[in-house]
Amino acid sequence: MKENHMTTIYLIRHAEAEGNLYRRAHGWYNSTITDRGYRQIAALTKRFTDTKFDAVYSSDRFRTMITALSIYKTHGLPLRTVRALREIDVGYWEDTPWAELERIDPEQLANFSNDSQNWHVPGCESFAEVRERMRKALTEIAEAHPNGTVAVFSHGMAMRIIVGTLQGITLHEIDKTGHAENTAVAKLEYENGTFNVIFRDDASHLGDNIATVRKQPWVNDPKGFEGGIYYRASGEAGHFDVMHGGDVIGAVSVVSCRGGVGTIGEFWLEEDVQKRSLGEKLVGQALSYARSRGCSILSTGRIPKSNAVGLHCAEKWGFHPVHEDAESVTFEKNFEYDEESCWKRLQEVIEK
1 MKENHMTTIY
11 LIRHAEAEGN
21 LYRRAHGWYN
31 STITDRGYRQ
41 IAALTKRFTD
51 TKFDAVYSSD
61 RFRTMITALS
71 IYKTHGLPLR
81 TVRALREIDV
91 GYWEDTPWAE
101 LERIDPEQLA
111 NFSNDSQNWH
121 VPGCESFAEV
131 RERMRKALTE
141 IAEAHPNGTV
151 AVFSHGMAMR
161 IIVGTLQGIT
171 LHEIDKTGHA
181 ENTAVAKLEY
191 ENGTFNVIFR
201 DDASHLGDNI
211 ATVRKQPWVN
221 DPKGFEGGIY
231 YRASGEAGHF
241 DVMHGGDVIG
251 AVSVVSCRGG
261 VGTIGEFWLE
271 EDVQKRSLGE
281 KLVGQALSYA
291 RSRGCSILST
301 GRIPKSNAVG
311 LHCAEKWGFH
321 PVHEDAESVT
331 FEKNFEYDEE
341 SCWKRLQEVI
351 EK
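Following our numbering, the numbering of the sequence shown begins with 1 at its first residue and continues without gaps.
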């Protein structure tokens, strides 16, 4: 008589990453975790402190690998990366601001949110392809750990597709399911070749002060996305006009990329939009450009000490001071992935 084995899988979404914060389409694009994301990972670490795990898996993207530190480092386990656990590949959309997609590809953007079976853009993969690779990957993981407990780190849309599928929800109905919070957890049980969803989209370990998705206005928009700012290359390389509704409302530029460091030059918004929390989105554009030029660090350049707003915003937006003189402070944001550096940073957040 064949012995039955049950495997428990905690399927976990990555913490807040650049795409979530800067409102850019990131599927296979390899972005990293934000400051708020590290606080979310710290909360996730506490949630699973007393849970015994036999293995930890993640996609091969930085944002899941960093989030997985919460379990594999704290439980003394190796991290196994699986390409098939990646987010949906959004093709030519990759790293494009959602507001720009609303302008240049509104029909397909609406399909992505509300009619997944009719969504298709050049270079993408279909929802059905994501469903099949995720189902195969989770089945292989479950069968490799009979009677075990496994943590698996993946991505929002990929999880939405596979968890809905395991609940019997068709791809045509997937868009009716909710959007999981960053670090949200789904608990799956696998037995006799079948998955059972015990719960999904649970982010009870996050307080409202560190949540991401529940505070974003697009979640409650019937269209499934929000308007906002986009960018238009202007003048010299690295210079972008900040656009809203066809109007120029600001500018951002990266004036140099030397030694792996991209330095911000021009950075401004019209006075009447300065209080709309748009400034941080400009950082996302500067970071994107710097990364495309091979940089792993974004520098503010010298901010005069007399510029109290500039100093405050640099710290608020995740830059860290690296040089100070009598008249100015220079800040940097490191967006390179290094396991030990990321682990050290997480430990510092946990200890606060």
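Even for Gly, the Cβ is constructed at its ideal location relative to N, Cα and C.
Is residue i helix, strand or coil when you go by DSSP?
i, result
"P78", "coil"
"I264", "strand"
"C295", "coil"
"A15", "coil"
"T67", "helix"
"H312", "helix"
"A286", "helix"
"F225", "Summary for F225: the model assigns pLDDT 47, below 50, so the residue's position carries little reliability; its value from the coordinates is reported in the next sentence. Of the three classes helix, strand and coil, the one that applies to F225 here is coil, per DSSP."
"L206", "coil"
"P162", "Contrary to the premise, residue 162 reads as Ile rather than Pro in this sequence. Looking at I162 - three-state DSSP - the assignment turns out to be helix."
"S306", "coil"
"D272", "helix"
"N4", "coil"
"G91", "helix"
"F331", "strand"
"S318", "In the sequence under discussion, the amino acid at residue 318 is Gly, which differs from the Ser named in the question. G318: coil per DSSP, three-state reduction."
"Y22", "helix"
"G301", "strand"
"V213", "helix"
"E102", "helix"
"Y10", "strand"
"E181", "coil"
"E236", "coil"
"E354", "Residue numbering for the chain in the displayed model covers 1 to 352; residue 354 lies beyond these limits and cannot be assessed."
"E336", "coil"
Contact check, residue i vs residue j under 8 Å by CB: the rounded distance?
i, j, result
"T34", "E18", "7 Å"
"E340", "F319", "Wrong, their Cβ atoms sit about 21 Å apart, outside the cutoff."
"V163", "R131", "Going by Cβ atoms, the distance from V163 to R131 rounds to 10 Å, so no, they are not a contact pair."
"G156", "G123", "With 8 Å as the limit, G156 and G123 do not qualify as a contact, their Cβ atoms being about 20 Å apart."
"V261", "Y10", "The pair is not a contact, with the Cβ atoms about 38 Å apart (cut-off 8 Å)."
"E189", "I198", "6 Å"
"D95", "Y38", "At roughly 22 Å, the Cβ-Cβ gap does not stay under 8 Å, so D95 and Y38 are not in contact."
"V322", "I303", "With a Cβ gap of about 12 Å, V322 and I303 do not count as contacting."
"F195", "T64", "Rounded, the Cβ-Cβ distance is 20 Å, inconsistent with contact."
"W98", "A25", "6 Å"
Have a look at the options and flag the residue whose alpha-carbon is nearest the alpha-carbon of residue i.
i, options, result
"R93", "E348, H312 and G27", "Note on residue identity: the sequence assigns Trp, not Arg, to residue 93. Checked all of E348, H312 and G27; the closest Cα to W93 is G27."
"C295", "S256, H120, S70 and Y231", "S256"
"S306", "R24, H323, E327 and E16", "E327"
"E140", "I161, L166, G193 and A184", "G193"
"H14", "R24, E87, R47 and K344", "E87"
"L166", "F153, K136, A144 and G262", "K136"
"E143", "T67, D54 and R103", "D54"
"I174", "S234, H205, N111 and A43", "N111"
"K316", "G279, C342, W343 and L346", "G279"
"H5", "R36, N147 and S116", "N147"
"A128", "V121, L138 and Q117", "Q117"
"V213", "G178, D89, S234 and G246", "G178"
"A151", "L44, V309, L101 and R160", "L44"
"M367", "T149, S58, S70 and H145", "Because the chain in this structure spans residues 1 to 352, residue 367 falls outside the shown range and cannot be described."
"I249", "I229, G265, Y72 and S31", "I229"
"W161", "H244, L85, L101 and A211", "Here residue 161 turns out to be Ile, not Trp, going by the sequence shown. The candidate whose alpha carbon is nearest that of I161 is L85."
"S70", "R83, R47 and H172", "R47"
"R23", "I210, L138, N114 and S277", "S277"
"D202", "Q216, T183 and A68", "T183"
"E266", "N334, H244 and S299", "S299"
Along the alpha helix (DSSP H) that carries residue i, what are the first and last residues, could you check?
i, result
"N114", "P106 to N114"
"K341", "Here residue 341 turns out to be Ser, not Lys, going by the sequence shown. From DSSP, the alpha helix (DSSP H) with S341 extends over E339 to E351."
"E140", "F127 to A144"
"A42", "D35 to R47"
Could you tell me the boundaries of the beta strand (DSSP E) in which residue i lies?
i, result
"A251", "D247 to R258"
"E173", "Neither: E173 is in no beta strand (DSSP E) and is coded neither H nor E."
"I369", "For the chain, the structure presents residues 1 to 352; residue 369 sits outside this window and is missing."
"E191", "V185 to E191"
"A151", "T149 to S154"
"A55", "A55 to S58"
"Y231", "Y230 to A233"
Would you say residue i lies against chain B (beta-carbon separation less than 8 Å)?
i, result
"S296", "No chain B appears in this structure, which consists of one protein chain only."
Next on the checklist: Taking 8 Å as the cut-off, does the segment 76–92 touch the segment 264–271 (at least 3 CB pairs, one atom from each stretch)?
Outcome noted: no
Next on the checklist: Three or more C-beta pairs under 8 Å: does that hold for the segment 225–242 against the segment 280–294?
Outcome noted: yes
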